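K.L.:
Under UniProt numbering, the very last position in the sequence shown is 305; numbers go up by exactly one each time.
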Amino acid sequence: MPPTAYLAPPRPISLQAILDESSSNSVSPSIDLQWEPFQRHVEAFLTAVDSYTLAARTEIAARATDHVVTMRELKAETEEMERRIQLEREREGDMLSTLESERHTLSDLTSSLTHLQSSLQKVKDQSSNLESELSSLRKEVKSDRSEKERQSKMLDDMRQRDDVELRELEESIGWKVDGIREDLLLMRFTLLDASDPSKEFSILIDVSKQDYSVPNCDPPLPTLPDLVRQLNHDREFYIFIKRVRKAFRALIPNPAPSTKFDDLSGPGLGLRTPAVGNRVISATTPAAREGIVDASAMESLSLVK
Numbered sequence: 001m002p003p004t005a006y007l008a009p010p011r012p013i014s015l016q017a018i019l020d021e022s023s024s025n026s027v028s029p030s031i032d033l034q035w036e037p038f039q040r041h042v043e044a045f046l047t048a049v050d051s052y053t054l055a056a057r058t059e060i061a062a063r064a065t066d067h068v069v070t071m072r073e074l075k076a077e078t079e080e081m082e083r084r085i086q087l088e089r090e091r092e093g094d095m096l097s098t099l100e101s102e103r104h105t106l107s108d109l110t111s112s113l114t115h116l117q118s119s120l121q122k123v124k125d126q127s128s129n130l131e132s133e134l135s136s137l138r139k140e141v142k143s144d145r146s147e148k149e150r151q152s153k154m155l156d157d158m159r160q161r162d163d164v165e166l167r168e169l170e171e172s173i174g175w176k177v178d179g180i181r182e183d184l185l186l187m188r189f190t191l192l193d194a195s196d197p198s199k200e201f202s203i204l205i206d207v208s209k210q211d212y213s214v215p216n217c218d219p220p221l222p223t224l225p226d227l228v229r230q231l232n233h234d235r236e237f238y239i240f241i242k243r244v245r246k247a248f249r250a251l252i253p254n255p256a257p258s259t260k261f262d263d264l265s266g267p268g269l270g271l272r273t274p275a276v277g278n279r280v281i282s283a284t285t286p287a288a289r290e291g292i293v294d295a296s297a298m299e300s301l302s303l304v305k
């Protein structure tokens, strides 16, 4: 309720003074009843009454709405509780029916147990016979294991000799392939510069997608984009390698004479990769076959020149 305006207490009115003043001025007597302040006071009072009435009605309506909502919620809760009680009664009936069924099942299981105990004795007798056969088989397995270990040792010796021959072959043709990680091959060429045969020329090939890409080439080849486009067109991977080596040689003022690499014939369709699906490239080195390379080589490789 807004506060009403403060009204000063009316001053006492002297009727004799008013009449004397009117007689001396020859005018009709008049009395100031201060009607306007009184009217404003009454209007403020009526406004306050209307505001209070409106607020009371709003509060009553809100409480009525809350009561309706509360009653509706209580009704819904009551219905849900009755539904759950009915559901529990149905479950109780199902449990009683299941209990009766399990009683019959227990009787059948008891009968089956007796039969199984008889069968167990027969199995024990058979197990005794199998133990003797198992002992014989163990002897045979031990003999086979010894033979496999002997063969494995022979394979290890052969693998060591192959690794030595592979390194000699890589050094003689000046070409090494390493697997940086899955679907990423690092190819290094040497024996290209007559003044420094050990100088390496490298190219990094990404074979993880439909089209091949070369993230890094050291030193850069001006014709590399054309070579990659040609590779993605004809899928001749081995020919691409020979083209790259030839392009590296073109960068050297005085290249080294031809090596055994130039005499190697390409594997033809054996290394031609399909245009779609899984591409498989036979790596030259064991590291490339396993997709593993030394951590120092990975750190020294810069993918952005």
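Beta carbons: idealized from backbone N, C-alpha and C, even for Gly.
In this text the structure is predicted, and so the values were computed from the model without any measurement.
Let me know the beta strand (DSSP E) ranges lying completely inside the stretch 100 to 184, each 3 residues or longer, listed in chain order.
P.N.:
Whole beta strand (DSSP E) segments, 3+ residues: 175 to 181.
K.L.:
What three-state label does DSSP hand R84 in the structure shown?
P.N.:
Note: R84 maps to helix in three-state DSSP.
K.L.:
Which residue marks the beginning of the alpha helix (DSSP H) containing V207, and which one marks its end?
P.N.:
Where V207 is concerned, there is no enclosing alpha helix (DSSP H), given that its DSSP letter is neither H nor E.
K.L.:
Measure the C-alpha to C-alpha separation of F38 and A76 and round it to an integer number of angstroms.
P.N.:
Each residue's alpha carbon lies about 57 Å from the other.
K.L.:
Give me the Cα-Cα distance between T213 and R243, rounded to the nearest whole angstrom.
P.N.:
Before going on, a small fix: residue 213 reads as Ser here, not Thr. Rounded to whole angstroms, S213 to R243 spans 15 Å at the Cα level.
K.L.:
Just the C-alpha distance for I103 and E92, rounded to the nearest angstrom, thanks.
P.N.:
Per the sequence presented here, residue 103 reads as Arg, with Ile not at that position. Distance between the alpha carbons of R103 and E92: 17 Å.
K.L.:
For N232, list the residues DSSP reports as bridge partners.
P.N.:
According to DSSP, N232 bridges with nothing at all.
K.L.:
Might you give, ordered along the chain, the residues of its own chain that have their beta carbon closer than 6 Å to the beta carbon of K176, omitting 5 neighbours on each side?
P.N.:
Closer than 6 Å at Cβ, skipping near neighbours: E170, R188.
K.L.:
Quick one: what's P255 bridged to in DSSP?
P.N.:
Note: P255 sits in a beta bridge opposite D193.
K.L.:
Using a Cβ-Cβ cut-off of 6 Å (strictly less than) and excluding sequence neighbours within five positions of L271, which residues of its own chain qualify?
P.N.:
Confidence at L271 is low in this model, with a pLDDT of 48, below 50, so the placement of that residue should be treated as unreliable; the coordinate-derived value is given next. The answer, listed in chain order, is F237, Y238.
K.L.:
CB-CB under 6 Å to A194, same chain, minus the five flanking residues each way: which ones, in chain order?
P.N.:
Taken in chain order, the residues that qualify are N254, A256.
K.L.:
Could you compute how far the alpha carbon of E43 sits from the alpha carbon of D50?
P.N.:
Taking the straight line from one Cα to the other gives about 10 Å.
K.L.:
How many Å lie between P219 and Q160 at the Cα?
P.N.:
When rounded, the distance between both Cα atoms is 34 Å.
K.L.:
Does DSSP put P215 in a helix, a strand or coil?
P.N.:
Here P215 sits in strand by DSSP.
K.L.:
Can you say whether V228 is buried or exposed, counting buried as having 16 or more other CB atoms within 10 angstroms of its CB?
P.N.:
By the 10 Å Cβ count, V228 comes out buried.
K.L.:
Return the first residue and the last residue of the alpha helix (DSSP H) that K242 is part of.
P.N.:
Start and end: 237 to 250.
K.L.:
Suppose contacts are defined by Cβ-Cβ distances below 8 Å. Is L204 in contact with L191 by that definition?
P.N.:
Their beta carbons are not under 8 Å apart, which means L204 does not touch L191 by this criterion.
K.L.:
My assumption, with CB atoms under 8 Å, is that D183 sits in contact with S208. Please give the rounded CB distance.
P.N.:
Rounded, the Cβ-Cβ distance is 4 Å, consistent with contact.
K.L.:
Taking the alpha carbon of L251 as the point to measure from, which residue in N232, I241, F261, T223 has its own alpha carbon closest?
P.N.:
Of the candidates N232, I241, F261, T223, the one whose C-alpha sits nearest the C-alpha of L251 is T223.
K.L.:
How is L227 classed by DSSP in three states: helix, strand or coil?
P.N.:
Reduced to three states, the DSSP call for L227 is helix.
K.L.:
Pull up the distance between the alpha-carbon of F248 and that of K199, whole angstroms please.
P.N.:
So the alpha carbons of these two residues sit roughly 12 Å apart.
K.L.:
Consult DSSP for S97 and reduce its assignment to one of helix, strand or coil.
P.N.:
Helix, per DSSP.
K.L.:
Report the partner residues of M71 according to the DSSP bridge assignment.
P.N.:
Paired residue(s): none; M71 is not in a bridge.
K.L.:
Consult DSSP for S198 and reduce its assignment to one of helix, strand or coil.
P.N.:
Here S198 sits in coil by DSSP.
K.L.:
Could you tell me which of L120, L166, S119 sits nearest to G174, measuring between CA atoms?
P.N.:
G174 has its Cα closest to that of L166, out of L120, L166, S119.
K.L.:
Taking only the alpha-carbon atoms, compute the straight-line gap between N25 and Y52 and give it to the nearest angstrom.
P.N.:
Each residue's Cα considered, the two are about 50 Å apart.
K.L.:
Within 10 angstroms of its Cβ, does R57 collect 16 or more other Cβ (buried), or is it exposed?
P.N.:
By the 10 Å Cβ count, R57 comes out exposed.
K.L.:
Would D206 and P215 qualify as a contact pair, given that the criterion is a beta-carbon distance under 8 Å?
P.N.:
Yes. Within cutoff.
K.L.:
Label N278 either buried or exposed according to how many other C-beta atoms from any shown protein chain fall within 10 Å of its C-beta, with 16 as the threshold for buried.
P.N.:
A caution first: N278 carries a pLDDT of 47, below 50, which makes its placement in the model too unreliable to give a value.
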